[in-house]
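Enquirer: One structure, pasted below without further comment.
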Amino acid sequence: MKKILSFSILISLFIITACTEKSQPELTEQMKDGLRKDAKEFMESLKDILVKEIQTNGITAAVNVCSDTAQILTNDYGLRKGIYIKRVSFKHRNQNNIPDKYESKALQYFNELKSSGNLNEDSEFAEIEEINGIKKIRYLKPIVIQALCLNCHGSSENISTDVKNILNTKYPDDRAVGYQKDDLRGAVSIIKTL
Ligand code: HEC
Numbered sequence: 065m066k067k068i069l070s071f072s073i074l075i076s077l078f079i080i081t082a083c084t085e086k087s088q089p090e091l092t093e094q095m096k097d098g099l100r101k102d103a104k105e106f107m108e109s110l111k112d113i114l115v116k117e118i119q120t121n122g123i124t125a126a127v128n129v130c131s132d133t134a135q136i137l138t139n140d141y142g143l144r145k146g147i148y149i150k151r152v153s154f155k156h157r158n159q160n161n162i163p164d165k166y167e168s169k170a171l172q173y174f175n176e177l178k179s180s181g182n183l184n185e186d187s188e189f190a191e192i193e194e195i196n197g198i199k200k201i202r203y204l205k206p207i208v209i210q211a212l213c214l215n216c217h218g219s220s221e222n223i224s225t226d227v228k229n230i231l232n233t234k235y236p237d238d239r240a241v242g243y244q245k246d247d248l249r250g251a252v253s254i255i256k257t258l
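Residues 65 to 258, numbered by the working numbering, are exactly what the sequence shown covers, in order.
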């Protein structure tokens with residue numbers, strides 16, 4: 065009897081383990097690598113447009129380009145790649161970029177890395193989320209402030225009056241100022257359905 069009992073416990077344990085493993089598919093390096101490339105390419109394409117516009121037409125014109133095209137470019141990129149992609153920040157400029165619960169968790173993790181001096185080029189957040197039986201990869205990569213960004217995200221003395229006026233008009237609830245070089249600005253967030 066004792067033997068049968070321990071045998072059934074063993075079987076149950078086996079089934080439980082097998083089931084838990086099934087709902088937690090493994091996130092392979094290959095999956096992550098694809099998303100790493102997407103995040104990098106997306107950020108580089110936004111920066112290219114920004115830098116070109118600043119060089120050709122100046123910083124004031126660039127604010128308009130950023131505000132008129134950032135959302136369109138973001139949506140287009142996602143559609144082309146078959147992913148959901150956006151930029152998120154705790155201190156948003158555009159309300160569309162407010163993080164959801166998952167994104168907040170990742171931003172919090174990046175903040176902790178930053179405070180302990182461990183945020184670096186390889187930092188990332190990747191997990192599988194399952195909602196109503198649908199599995200999705202949630203991938204986030206930190207966005208860090210560079211000198212160029214201070215023209216529109218820095219402290220009051222970094223931002224020209226013209227730029228301030230445009231920002232005040234377009235984003236009355238702007239929270240994305242007061243940053244310094246190397247500060248954590250936010251993250252690129254990608255969702256890919258498996
Ligand atoms: C010419 C002004 C300008 C410069 C320079 C600039 N930004 Fe922005 N940034 C904006 C505007 C305008 C928005 C809002 C875009 C929108 O409406 O989606 C924005 C939005 C963002 C967002 C989305 C989150 C949010 O707050 O809504 C991130 C992240 C961001 N910028 C990071 C950067 C980084 C990093 C740099 C430097 C590489 C940079 N920006 C340089 C004007 C600028």
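Glycine is no exception: its CB is placed at the ideal position from the N, C-alpha and C atoms.
Sorted by chain position, which residues of the same chain lie with C-beta nearer than 8 Å to residue 91's C-beta, five sequence neighbours on each side aside?
Expert: Excluding residues within five positions, the ones whose Cβ falls inside 8 Å are 190, 191, 192, 201.
Enquirer: Classify residue 250 as buried or exposed, calling it buried when 16 or more other Cβ atoms lie within 10 Å of its own Cβ.
Expert: It is buried - the Cβ of residue 250 has at least 16 other Cβ atoms within 10 Å.
Enquirer: Taking all protein chains shown into account, decide if residue 144 is buried (16 or more other Cβ within 10 angstroms of its Cβ) or exposed.
Expert: That one is exposed.
Enquirer: What is the DSSP secondary structure of residue 186, counted as helix, strand or coil?
Expert: Of the three classes helix, strand and coil, the one that applies to residue 186 here is coil, per DSSP.
Enquirer: Around the Cβ of residue 252, are there at least 16 other Cβ atoms within 10 angstroms (buried) or fewer (exposed)?
Expert: It counts as buried.
Enquirer: Based on the DSSP output, what are the partners of residue 250 in its beta bridges?
Expert: For residue 250, which the question treats as bridged, DSSP gives the partners 207.
Enquirer: If you draw a straight line from the alpha carbon of residue 135 to that of residue 182, how long is it in whole angstroms?
Expert: In a straight line, the C-alpha of residue 135 is about 31 Å away from that of residue 182.
Enquirer: Going by CA-CA distance only, name the one from 125, 159, 133, 106 that's closest to residue 228.
Expert: Answer by Cα proximity: 125.
Enquirer: Are there 16 or more other CB atoms within 10 angstroms of the CB of residue 184, so buried, or fewer, so exposed?
Expert: Burial call: exposed.
Enquirer: Using the beta-carbon count (16 or more within 10 Å), is residue 165 buried or exposed?
Expert: By the neighbour-count rule (16 or more Cβ atoms within 10 Å), residue 165 is not buried but exposed.
Enquirer: Based on the DSSP secondary-structure assignment, which residues constitute the bridge partners of residue 152?
Expert: Note: residue 152 sits in a beta bridge opposite 251.
Enquirer: Can you check which of these residues, 187, 159, 242, is closest to residue 213 by C-alpha distance?
Expert: When only C-alpha atoms are compared, the closest one is 242.
Enquirer: What did DSSP end up calling residue 124 once you bin it into helix, strand or coil?
Expert: In this structure, residue 124 counts as helix in the three-state DSSP scheme.
Enquirer: Cβ atoms of residue 239 and residue 150: under 8 Å apart, would you say?
Expert: In this structure, residue 239 does not lie closer than 8 Å to residue 150 by Cβ.
Enquirer: Comparing C-alpha positions only, which one of 95, 140, 248 sits nearest to residue 173?
Expert: If we check each option's Cα against that of residue 173, 248 comes out closest.
Enquirer: As a quick exercise: from 95, 121, 112, pick the residue whose alpha carbon is nearest that of residue 137.
Expert: Checked all of 95, 121, 112; the closest Cα to residue 137 is 112.
Enquirer: By DSSP, does residue 138 sit in helix, in strand, or in coil?
Expert: Three-state DSSP puts residue 138 in a helix.
Enquirer: Which partner residues does residue 193 have in the DSSP bridge list?
Expert: 200, per the DSSP bridge assignment.
Enquirer: Taking its Cβ as the centre, do 16 or more other Cβ atoms sit within 10 Å of residue 198, making it buried, or is it exposed?
Expert: Exposed, since its Cβ has fewer than 16 Cβ neighbours within 10 Å.
Enquirer: Give the range of the alpha helix (DSSP H) segment to which residue 12 is assigned.
Expert: Nothing in the structure corresponds to residue 12, since the chain is present only between 65 and 258.
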